[in-house]
Amino acid sequence: MRLVSLTLRNFRNYPRLELELAPQLNVFLGRNAQGKTNLLESVAILALSSSPRARRESELIGPLAAEATVEASVERHGRPLEMAMRISSEGDRTSKMIRVNGAPRRAVDLPGELQATLFWPEDLSLVKGGPEHRRRFLNELLVQVEPGYGRALAAYRRVLEQRNHLLKRISAGQAEAAQLEVWDEELIRLTAVIGSSREEAVRELGPLAAANQAAISPGERLDVAYAGPPPDFAQALATARSEDLRRGSTGLGPHRDDLVIRIGEQEARSFASQGQQRTAVVSLKLAESDLIERRSGERPVLLLDDVLSELDAARRAALLAQVGSGGQVIVTSVEAEPFPASLIELARVLCIEAGQVSPCG
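Here the working numbering is used: the first residue of the sequence shown is 1, the next is one more, and so on.
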């Protein structure tokens, strides 16, 4: 998997950018708030069909513009792939138009065309943060490798929203409890689909992450377990109905899932040192790349957003070893200091300032 070129128009702080990328290491240097993260975000949007950063898609459109476009030429299994996304805003309404090789594509069906592993500074909260960080980690992996997962997840969110709305109406005496049955049936069906996908992914991720952890920190054992819905979800949902009605929301389901991450016998979130937690995060992100490669047959593009300065030498080396694995790496940094001179010699190094990309020096 290789990103050959990238074109941006009115995307965030980029009025216009046309960029050719090296097949292995690409390094973008620049001070904070110059557009380094925005550049990687544009690639992430093509991989995931949505931004991992923006709360509203209108935020992606540059100042005074009505629309933004992101276009990429990709090489996948040795074949060219042309991807384009146009994000338009009119009043309070934002729309997206996506094309792959000129043909329209729904957003939910886009992930998997350009596969990428994204590593942002926020990912350092993968271990110590709340369950939502770990669910997002699983979702970003699975939408790229499992056809149908994105559709199931979107359908689940719609059903959950409708059920929660109905719970509130029942509590207010505006609807009958029997009306829950149709939503419960859909919730049970979609929970089985999502839960099965997540459980299998974690079963594959565990040994991969453990091997990465052992390579970075010999002697440390990393275990990853899926904490999903109860085995008899239908019965558990029925039992929890009175509590759901009291609360006005659904207390069980994939929206409550978590990953339990242990180092040795202790849960990493509560007992691991900061260094151990960061090693676990690096191990999990590398395992994500490993699993994408196992499922698709190609190494995903690795996007590293200013995280090397947050890691010590051993963890930096583990990430940068991806360059030698044949995968393409696109990395941003404030300065070149975290990179070995031998790597910089092999890299394409560019500087970013105020949305302009040019050779350094």
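Cβ coordinates follow ideal geometry from the N, Cα and C atoms, glycine included.
Limits of the alpha helix (DSSP H) - the one that residue i falls within
i    : result
A72  : Where A72 is concerned, there is no enclosing alpha helix (DSSP H), although the beta strand (DSSP E) it sits in stretches over E67 to R76.
R189 : L180 to I216
T250 : That residue, T250, is in no alpha helix (DSSP H); it is neither H nor E in DSSP.
Coarse secondary structure for residue i, derived from DSSP in three states
i    : result
Q266 : strand
T332 : strand
L118 : strand
D290 : helix
P52  : coil
L311 : coil
A152 : helix
Q174 : coil
A317 : helix
Spatial distance of residue i from residue j (CA atoms)
i    : j    : result
Q174 : E186 : 22 Å
A107 : M85  : 9 Å
D232 : A177 : 21 Å
G275 : D184 : 43 Å
S283 : A268 : 13 Å
L350 : D305 : 14 Å
R278 : K128 : 9 Å
R134 : L126 : 6 Å
Whole-number beta carbon distance between residue j and residue i, since they are thought to touch under 8 Å
i    : j    : result
V70  : S88  : The Cβ separation is near 13 Å, so there is no contact.
L205 : A287 : 5 Å
R31  : V334 : 6 Å
Beta-carbon proximity list for residue i, same chain, < 7 Å, skipping 5 on both sides
i    : result
L46  : V70, A72, M83, M85 and L114
G326 : R299
F271 : none
D258 : P131, R134 and A227
First through last residue of the beta strand (DSSP E) which encompasses residue i
i    : result
F28  : L25 to L29
N32  : Per DSSP, N32 belongs to no beta strand (DSSP E) and is neither H nor E.
P15  : Y14 to E20
S342 : Segment A341 to I344 is the alpha helix (DSSP H) holding S342; no beta strand (DSSP E) there.
Q356 : Q356 to P359
A225 : L222 to A227
Contact set for residue i: own chain, Cβ-Cβ below 8 Å, skip 5 residues either direction
i    : result
C360 : L29, V349, L350 and C351
G62  : N10, F11, R12, N13, Y14, P15 and A68
Heavy atom of the ligand FMN within 7 Å of residue i beta-carbon
i    : result
L346 : The ligand FMN is not among the ligands present in this structure, which contains no ligands whatsoever.
Other residues of its chain near residue i: CB distance less than 6 Å, five sequence neighbours each side excluded
i    : result
L167 : D244, L245 and G248
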